[in-house]
Structures are given as C-alpha cells and as structure tokens.
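Read left to right, the sequence shown gives residues -19 to -1, 1 to 149 (mature numbering (1 follows the signal peptide of the UniProt record, and there is no 0)).
Note that beta-carbon positions come from the ideal geometry of N, C-alpha and C, so glycine has one too.
These numbers come from a predicted model, not from an experiment.
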Amino acid sequence: MKNLLATLWLVSMTSIVFAQAPPNPQTPRPASIDLATARRLVAAAEQTAKAANAKVGIAVVDANGDLVLLERLDGSTGRGVISAEGKARAAILFGLPTKQVEDIVASGKPVTANVTLIAAGSHEITIHQGGFPIIKDGKVIGGIGVGGSASSEDERFAKAGLDALEAK
C-alpha cells in the first residue's frame, strides 16, 4: 500500500507541476488514436454491454490522456463515467491493463508509470479492472476504460472494444 501511495503521490505531484507549465510546441506528440477508431471501439464495447443489460460509461483517451470519446449508456451513474475515464488514463500511464496493475499493487511490488510532459495532467486515474492500453506498432496510442458495473464485466466490455480493433 505504501508503494501505491508513493507512486500515486508522485504522479499527482508531477501532474500538478506540469499542469501549470504551458505546452511546448516543439515537444513531439506521441502517436495517437483517431476519432473513427475510437468510435469502433466504443460501439463494440457498447454492444456487449447492452447485451448484458449493463449501465456503464465507456471512455477512450488518446496517448496524452485527453478524452477522445465518451459514451454514457442510459442509467449509468456519474461515478461510472468518471471511473471509465480514470481506467483509460491509468491504462496509458502504466501501459498495462488496469487489472494487471491492480494485481501488482496488491502483491506489494512496485509498478512504474510512463509520465510525460504531455500526458501529465490533473485527471483522475482509477486502478481497477476495466481499462486497457490501445497499442499500435508497439506504442501506446490511447486507452479504453469501462466503469459502472462489476469490475470483471467492465473488463469484458472494454476487451470487446479492443477485439473489434484487432478484428479490423
């Protein structure tokens, strides 16, 4: 737990410092997800969630942690939406599925985050099952997160989105 708190403190302090600095136009921006791809991911996740009668939020963020697309299914709570965004951001920061990060933290092992000037911000991250990094050519281009139902179900819905991307 101490490692998690220290890591999260470091991420939040880094975010606060960098959030105050204006972006440098010379800083190269990482490859990122486009809106059409985000729509495919969300549509597949939404279809799977609706088939399960789940009321969830589905978020896709780019490699900077900025929201690309957010879908809030009817009946979803505001907390589900916030959780979805947090899971997507955690997935890009750690470059791992959030379930894997959750398991590492629970085991007491340290986990590293990929904090860059661009990705650092004052956004919430959520380290619970239901978020995946979106990887293209070995690089994280974004993240998808689902929140609002049981964590294992959130993960299943997010994975359905990723599977739609891989099926293309």
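Beta-bridge pairing by DSSP links proline 78 to no other residue.
For lysine 140, the enclosing alpha helix (DSSP H) has its first and last residue at 132 to 148.
Valine 127 sits close to valine 37, with the two beta carbons spaced by under 7 Å. Our two residues, proline 114 and lysine 68, have alpha carbons roughly 9 Å apart in a direct line. Runs of the beta strand (DSSP E) lying entirely within the stretch 48 to 78 and spanning at least 3 residues, in chain order: 48 to 53. Across the structure, isoleucine 108 and leucine 16 are spaced so that their CA atoms are roughly 25 Å apart. Non-local beta-carbon contacts of glutamate 27 in its own chain, meaning distances under 7 Å to residues more than five positions away in sequence, involve Ile39, Glu52, Leu54 in chain order.
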